[in-house]
Amino acid sequence: MADDTNSLLKSATMRHLDKFAGDGLRTLCLARKSISAAYLQSWQKKQKKAVVDLVNREQKLHDLYEEIEMGMELLGATAIEDKLQDGVPETIAKLSKANIKIWVLTGDKQETAINIGYSCRLLTENMKEVFVIDGENEREVEVQLKAVRRRLEEAFGPVSFIFIS
13 MADDTNSLLK
23 SATMRHLDKF
33 AGDGLRTLCL
43 ARKSISAAYL
53 QSWQKKQKKA
63 VVDLVNREQK
73 LHDLYEEIEM
83 GMELLGATAI
93 EDKLQDGVPE
103 TIAKLSKANI
113 KIWVLTGDKQ
123 ETAINIGYSC
133 RLLTENMKEV
143 FVIDGENERE
153 VEVQLKAVRR
163 RLEEAFGPVS
173 FIFIS
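Numbering (this note's numbering), first residue to last: 13 to 177.
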């Protein structure tokens, strides 16, 4: 019964997250997990050691955060409107008029990023195509960028990209 309830909550939460993101809202999932004081002390000790590791700090911290986040109970989700600062659409319009190319790197859900792109006028209805690069690692991103480059060159001739890794 608990698994059915969790499954229903998860699917309802995912529907809500998709709707919130489609409305351009920032989302936050809420979850909980009970841990013992002994486990917490042990985990904190490993975390403090990983923070000062000179060789594998990022991987060790990633693994520790993954560990403590496992087995959490989903409580639900919430969303807030994150309004643009004054002058953002006008500034983007001026940059665009000056022929300055703008790229956006975000950790937002794709729907949220696109919605915000329209609200700040970075994206407009008359744009023929928006290229979304959503690779999950450096190799996937590079492959997607090269595909975009080929499409742009077919339409406009030679273009230059610089890949920095």
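No residue lacks a Cβ here, since even glycine has one placed at the ideal position from N, Cα and C. Predicted model only: the values in this text are computed from it and were never measured.
Counting C-beta pairs with one atom in each stretch, the region 106-126 and the region 33-44 have three or more that are closer than 8 Å, which means they touch. Shown here, Ala110 sits in coil according to DSSP, grouped into three states, outside any helix or strand. Cβ-Cβ distances below 7 Å link Arg44 to Met84, Glu85 and Leu87 in the same chain, with the five nearest sequence neighbours on each side left out; the list follows chain order.
Below 8 Å, too few C-beta pairs join the region 15-23 and the region 58-77 to call them touching: fewer than three.
A direct Cα-to-Cα measurement between Met82 and Arg69 gives close to 20 Å. The shortest CA-to-CA distance from Ile112 to any of Thr118, Gly119 and Thr103 is the one to Thr103.
DSSP, reduced to helix, strand and coil, places Glu137 outside both helices and strands of the structure shown, so it counts as coil. Taking C-beta separations shorter than 7 Å and ignoring five residues to either side along the sequence, the partners of His28 in its chain run Ala89, following chain order. Per the C-alpha coordinates, the member of Thr25, Ser131 and Leu134 positioned closest to Ala91 is Thr25. Considering only Gly169, Trp115, Val63 and Asp120, the residue with the shortest C-alpha distance to Asp35 is Asp120.
In its chain, beyond the 5 residues on either side, Cys132 and Arg133 have a beta carbon closer than 7 Å to the beta carbon of Pro101.
Under the three-state reduction of DSSP, Thr118 is assigned to coil, being neither helix nor strand.
Distance from the CA of Gly129 to the CA of Ser23, rounded to the nearest whole angstrom, comes to 27 Å. Within the DSSP bridge table, the entry for Leu86 names Ala43 as partners. Beta-bridge annotation (DSSP): Ile92 is paired with Arg38. Assignment of Ile145 by DSSP, reduced to helix, strand and coil, places it in the coil class.
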